[in-house]
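Number of protein chains: 2
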Amino acid sequence: MGTADNETLSPAPSSPAPSFSQRREWSQDQAISYLMAQGIENPDCLSLAAGFVDFETLPVELSRKAYAELLDDPQTARKYLQYGTTAGSDRLRDQLIKHLAKLEETTVEELGIDRNQLVLTTGSQQLLAILADVLFDPGDICLVAAPTYFVFLGVLAGVGAEVITVEGDEGGIKVDALEAQLEQLKQEGILSRVKMLYLVSYYENPTGVSVDADRRQPIVDLVTKYSTDHQIVLLEDAAYRELRYDGPKLPSLWSCDPTHSQVVLAQTFSKSFAPGFRTGFGVLPKSLVQPVIDRKGNEDFGSSHFNQNLIATVLERGWYEDHVFEVCENYQKKRDAMLAALAEEFSDLQQEVSWFVPHGGLYVWLSVPEKLETGFNSELFAYATNVEKVMYVPGQLCYPHAERKNQMRLSFGVLNPDGIRLGIARLANSIRHSLK
Amino acid sequence: MGTADNETLSPAPSSPAPSFSQRREWSQDQAISYLMAQGIENPDCLSLAAGFVDFETLPVELSRKAYAELLDDPQTARKYLQYGTTAGSDRLRDQLIKHLAKLEETTVEELGIDRNQLVLTTGSQQLLAILADVLFDPGDICLVAAPTYFVFLGVLAGVGAEVITVEGDEGGIKVDALEAQLEQLKQEGILSRVKMLYLVSYYENPTGVSVDADRRQPIVDLVTKYSTDHQIVLLEDAAYRELRYDGPKLPSLWSCDPTHSQVVLAQTFSKSFAPGFRTGFGVLPKSLVQPVIDRKGNEDFGSSHFNQNLIATVLERGWYEDHVFEVCENYQKKRDAMLAALAEEFSDLQQEVSWFVPHGGLYVWLSVPEKLETGFNSELFAYATNVEKVMYVPGQLCYPHAERKNQMRLSFGVLNPDGIRLGIARLANSIRHSLK
Ligand SMILES: Cc1ncc(COP(=O)(O)O)c(C=O)c1O
Ligand SMILES: Cc1ncc(COP(=O)(O)O)c(C=O)c1O
Numbered sequence: 001m002g003t004a005d006n007e008t009l010s011p012a013p014s015s016p017a018p019s020f021s022q023r024r025e026w027s028q029d030q031a032i033s034y035l036m037a038q039g040i041e042n043p044d045c046l047s048l049a050a051g052f053v054d055f056e057t058l059p060v061e062l063s064r065k066a067y068a069e070l071l072d073d074p075q076t077a078r079k080y081l082q083y084g085t086t087a088g089s090d091r092l093r094d095q096l097i098k099h100l101a102k103l104e105e106t107t108v109e110e111l112g113i114d115r116n117q118l119v120l121t122t123g124s125q126q127l128l129a130i131l132a133d134v135l136f137d138p139g140d141i142c143l144v145a146a147p148t149y150f151v152f153l154g155v156l157a158g159v160g161a162e163v164i165t166v167e168g169d170e171g172g173i174k175v176d177a178l179e180a181q182l183e184q185l186k187q188e189g190i191l192s193r194v195k196m197l198y199l200v201s202y203y204e205n206p207t208g209v210s211v212d213a214d215r216r217q218p219i220v221d222l223v224t225k226y227s228t229d230h231q232i233v234l235l236e237d238a239a240y241r242e243l244r245y246d247g248p249k250l251p252s253l254w255s256c257d258p259t260h261s262q263v264v265l266a267q268t269f270s271k272s273f274a275p276g277f278r279t280g281f282g283v284l285p286k287s288l289v290q291p292v293i294d295r296k297g298n299e300d301f302g303s304s305h306f307n308q309n310l311i312a313t314v315l316e317r318g319w320y321e322d323h324v325f326e327v328c329e330n331y332q333k334k335r336d337a338m339l340a341a342l343a344e345e346f347s348d349l350q351q352e353v354s355w356f357v358p359h360g361g362l363y364v365w366l367s368v369p370e371k372l373e374t375g376f377n378s379e380l381f382a383y384a385t386n387v388e389k390v391m392y393v394p395g396q397l398c399y400p401h402a403e404r405k406n407q408m409r410l411s412f413g414v415l416n417p418d419g420i421r422l423g424i425a426r427l428a429n430s431i432r433h434s435l436k
Numbered sequence: 001m002g003t004a005d006n007e008t009l010s011p012a013p014s015s016p017a018p019s020f021s022q023r024r025e026w027s028q029d030q031a032i033s034y035l036m037a038q039g040i041e042n043p044d045c046l047s048l049a050a051g052f053v054d055f056e057t058l059p060v061e062l063s064r065k066a067y068a069e070l071l072d073d074p075q076t077a078r079k080y081l082q083y084g085t086t087a088g089s090d091r092l093r094d095q096l097i098k099h100l101a102k103l104e105e106t107t108v109e110e111l112g113i114d115r116n117q118l119v120l121t122t123g124s125q126q127l128l129a130i131l132a133d134v135l136f137d138p139g140d141i142c143l144v145a146a147p148t149y150f151v152f153l154g155v156l157a158g159v160g161a162e163v164i165t166v167e168g169d170e171g172g173i174k175v176d177a178l179e180a181q182l183e184q185l186k187q188e189g190i191l192s193r194v195k196m197l198y199l200v201s202y203y204e205n206p207t208g209v210s211v212d213a214d215r216r217q218p219i220v221d222l223v224t225k226y227s228t229d230h231q232i233v234l235l236e237d238a239a240y241r242e243l244r245y246d247g248p249k250l251p252s253l254w255s256c257d258p259t260h261s262q263v264v265l266a267q268t269f270s271k272s273f274a275p276g277f278r279t280g281f282g283v284l285p286k287s288l289v290q291p292v293i294d295r296k297g298n299e300d301f302g303s304s305h306f307n308q309n310l311i312a313t314v315l316e317r318g319w320y321e322d323h324v325f326e327v328c329e330n331y332q333k334k335r336d337a338m339l340a341a342l343a344e345e346f347s348d349l350q351q352e353v354s355w356f357v358p359h360g361g362l363y364v365w366l367s368v369p370e371k372l373e374t375g376f377n378s379e380l381f382a383y384a385t386n387v388e389k390v391m392y393v394p395g396q397l398c399y400p401h402a403e404r405k406n407q408m409r410l411s412f413g414v415l416n417p418d419g420i421r422l423g424i425a426r427l428a429n430s431i432r433h434s435l436k
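From first to last, the protein sequence lines stand for chains A and B.
When we follow full-length UniProt numbering, the leftmost residue of the first sequence carries the number 1, and every step to the right adds one.
When we follow full-length UniProt numbering, the leftmost residue of the second sequence carries the number 1, and every step to the right adds one.
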């Protein structure tokens, strides 16, 4: 028998495929999968695409010290090796309240939250996913700035939510555009389907921009105003909050909601400490605590208790702040290297190519002429990866329906300054080539 | 104004409640929440209820050695502190293939799976939850043995699945009962809604029983036979597999499906090593790999990479097997203590009280006369917790609709032999009191 015959016979009649859920259909074809596949297929490329954090500043020494402490006394060590609770370690949650008070430049008393409003998750990603689960029925609406964090777009697709984008600029989401959109939804009679406004408030992934200080209170007020028959949850994703290099110190959106009943604040130790411990957290309005815990109870009934205690130790001993300072110093150099390289390499293309200057985070958002597409199937992407050997994230992944195709996300997370300079030079060559 | 007035006014008109998803409704009122609340309200009780593992044998020394190795070389240490992949560390997955080959008493070659069929999760719980997500639409059917692992019943409720129970006995689920049930579903024309058969195949939580060796192949064959228009997935939850104290060495259900296209094998390091690292895994039929990874990509895009590497080191260095041996020796003593105490304390109640003898795991399943209810609201539970100061898990939690109310799950996980003896004495007093 020939191969063709064999193939015809091969799916044994005894094993048909499983029949999947609607949710499985919705969670297919994620941008992140393409991206990772591209990364694997192009290992020889300089990566301006990878979402990894800087290797050099990962806390090897601090982790060693913290582990030594955690395992020093067998009696307490065993507690850390045991199951914790679904919401997470009290020790870490208590430390987090102090830490938040510092970030918010206030006192623990003024902060006015209690430990039970904090839920520790597997990265902050898990918090985003759980909130989507407990809020969205298929067809419910999430408002987002455009572009936005593409993994969250995948989460929203995965629960069958409809995404409505609101325009932004260098100051983040535009207040008047948000108001117009909410008003329109009200006029259309579908405000009842709007469950959430999602914003990456600091040094956004992918644009690097932050929501301007003077837009913050108005945004919270708008969400409150349009929360008539039910509360529209404002999910403030502050993943990059602590990676601030210059520019103003911005108050959180969360702090603009003094009753803490409307805004969820999501943060993570992935960027400021180490993603390998997968520890993030949410500060939740009281109404959301039990729903989130119930869902997490089903998902895993608690993230790594040991890792939570490791981070508690690092905070408790005062090691964290110095570490973050060092991390920021290092990223600042890398950001500066990227900005300088962009200015230099694109000096002849000032009309065609533009970018935002980020004051923190890991990303620079680059726009090229409209006619130049950047997607995985574009000529530019092919040339960049195959000829120049440099990879970026196509900007269209960061729009729910690939609305704009002439942008890209550049990361200075993983390369060192020399690598960044070389990467930008290669990128400039690619763009110049494709513009011809 | 009096308190009542204040309460009437207190929900500020500016902050109505969020409007939750259907899924949030379904994930409310979980047994585990009641149980944890009871545990917290009764801290002075001896706990035969807690699902914790033994404290004494938690691997403090091994963890210390493993961490030292992981952090020894800064270059590799940084890799472990970085993000991993969604599916998990290649290093651990390679070790797991070797480990599985040993458990299955075969060679890596004979085992015939590749690394990509292994997915590492946050405990094995996360794998169970993800499988439920990708398989069940509301109203779809899961077959389970009754009683079964109550947290998974919560997961099924959370996705709106319908649970159909199949009778079991000391040999696990009954083959003829399973066949009758499948045939009935076929006759009713709703076989297309049956997505999964879930079985805890070794030393079940809650009954302590295993599926008999001679029932294993017939069960797999039945599932294959009734997988006509789509594949019914057999989820083999082997959480307690490695905690074997005596009795026969049982082949996995997974090994009865030599093409590995029908059975998912879920295992965990929570019971045999340390739950604090939250590391479990699944061996998946190829058809399920991408669906599971896509969903996990949304949920957290990877569990703790550092913890995965810690366990890889423990396996790689050959430390794991000795550790499991020690853990089993210790549990065996505790199981023996519980069985001896039961025999002694209930010697006058031999007609009324019965239990299964477990050959592994952490649990003994006790039945009392039908008229004696064991639930949270029963007289027995109140007397046990308030007067005798002992806690157990009411058996009805382990049935989807609390079908039977005269059973209880006793755990020898956390107490030492003296505590176990005292706990059983108190329990016997409580039962004797309530039988009067
Ligand atoms: C904007 C944003 N939010 C959340 C996350 C989730 O990260 P983690 O789960 O590691 O906290 C990321 C990671 O890249 C991110 O960029
Ligand atoms: C039968 C069974 N399956 C799965 C689990 C999940 O445990 P883990 O997520 O720690 O692997 C448990 C834990 O108690 C269990 O009893």
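All residues carry an ideal CB built from backbone N, CA and C; glycine is no exception.
Cβ pair residue i, residue j closer than 7 Å
i                  : j                  : result
Gly-276 of chain A : Gln-82 of chain B  : yes
Leu-120 of chain B : Phe-269 of chain B : no
Val-175 of chain B : Arg-216 of chain B : no
Ile-420 of chain A : Met-338 of chain A : yes
Phe-301 of chain B : Gln-125 of chain A : yes
Arg-64 of chain A  : Leu-46 of chain B  : no
Leu-62 of chain B  : Trp-319 of chain B : yes
Leu-253 of chain B : Glu-236 of chain B : yes
For residue i, three-class secondary structure by DSSP
i                  : result
Cys-45 of chain B  : coil
Leu-197 of chain B : strand
Ala-12 of chain B  : The predicted position of Ala-12 of chain B is uncertain, since its pLDDT is 46 and thus under 50; a value taken from the coordinates is nonetheless stated next. If DSSP states are grouped into helix, strand and coil, Ala-12 of chain B belongs with coil.
Phe-306 of chain A : helix
Ile-190 of chain A : coil
Ile-164 of chain A : strand
Gly-39 of chain A  : helix
Ala-274 of chain B : coil
Any non-hydrogen atom of ligand 1 closer than 6 Å to residue i Cβ
i                  : result
Ser-304 of chain A : no
Ala-340 of chain B : no
Thr-268 of chain A : yes
Pro-43 of chain A  : no
Asp-237 of chain A : yes
Val-200 of chain A : yes
Which listed residue (the options) has its alpha carbon closest to that of residue i
i                  : options                                    : result
Pro-358 of chain A : A:Asp-246, A:Phe-301, A:Val-60             : A:Asp-246
Asp-78 of chain A  : B:Val-53, B:His-99, B:Glu-69               : Looking at the sequence provided, one finds Arg at residue 78 of chain A rather than Asp. Among B:Val-53, B:His-99, B:Glu-69, the Cα nearest to that of Arg-78 of chain A is on B:Val-53.
His-305 of chain B : A:Gly-112, A:Asp-29, A:Thr-122, A:Gly-84   : A:Thr-122
Leu-128 of chain A : A:Ala-157, A:Pro-147, A:Leu-100, A:Tyr-320 : A:Ala-157
Gln-38 of chain A  : A:Asn-416, A:Val-414, A:Ala-425, A:Asn-386 : A:Asn-386
Gly-361 of chain A : A:Pro-43, A:Met-36, A:Gly-51, A:Arg-23     : A:Gly-51
Pro-394 of chain A : A:Met-36, A:Ser-210, A:Asp-94, A:Arg-23    : A:Met-36
Leu-100 of chain B : B:Asp-90, B:Glu-242, B:Val-220             : B:Glu-242
Phe-136 of chain A : A:Glu-162, A:Asp-257, A:Glu-25, A:Ser-252  : A:Glu-162
Thr-57 of chain A  : A:Ser-272, A:Gln-351, A:Glu-379, A:Leu-288 : A:Ser-272
Val-289 of chain A : A:Tyr-67, A:Glu-41, A:Asp-114              : A:Asp-114
Cutoff 6 Å; reference residue i; Cβ partners in own chain excluding five residues on either side
i                  : result
Gly-189 of chain A : none
Tyr-392 of chain A : Leu-48, Ala-49, Met-408, Leu-410
Ala-4 of chain B   : Confidence at Ala-4 of chain B is low in this model, with a pLDDT of 37, below 50, so its placement is unreliable and the value that follows should be read with caution. Nothing meets the Cβ criterion.
Contact test: residue i Cβ vs ligand 2 heavy atom, cutoff 6 Å
i                      : result
Thr-207 of chain B     : no
residue 438 of chain A : An answer regarding residue 438 of chain A cannot be provided, because it is not within the stretch 1 to 436 covered by chain A.
Cβ neighbours of residue i in the same chain (closer than 7 Å, five flanking residues each side left out)
i                  : result
Leu-250 of chain A : Tyr-202, Ser-210, Ala-213
Lys-389 of chain A : Asp-44, Cys-45, Leu-46, Arg-426
Leu-111 of chain A : Ile-97, Leu-100, Ala-101, Glu-104
Neighbourhood of residue i by C-beta distance below 8 Å, restricted to the same chain and skipping five residues each side
i                  : result
Lys-333 of chain A : Pro-417
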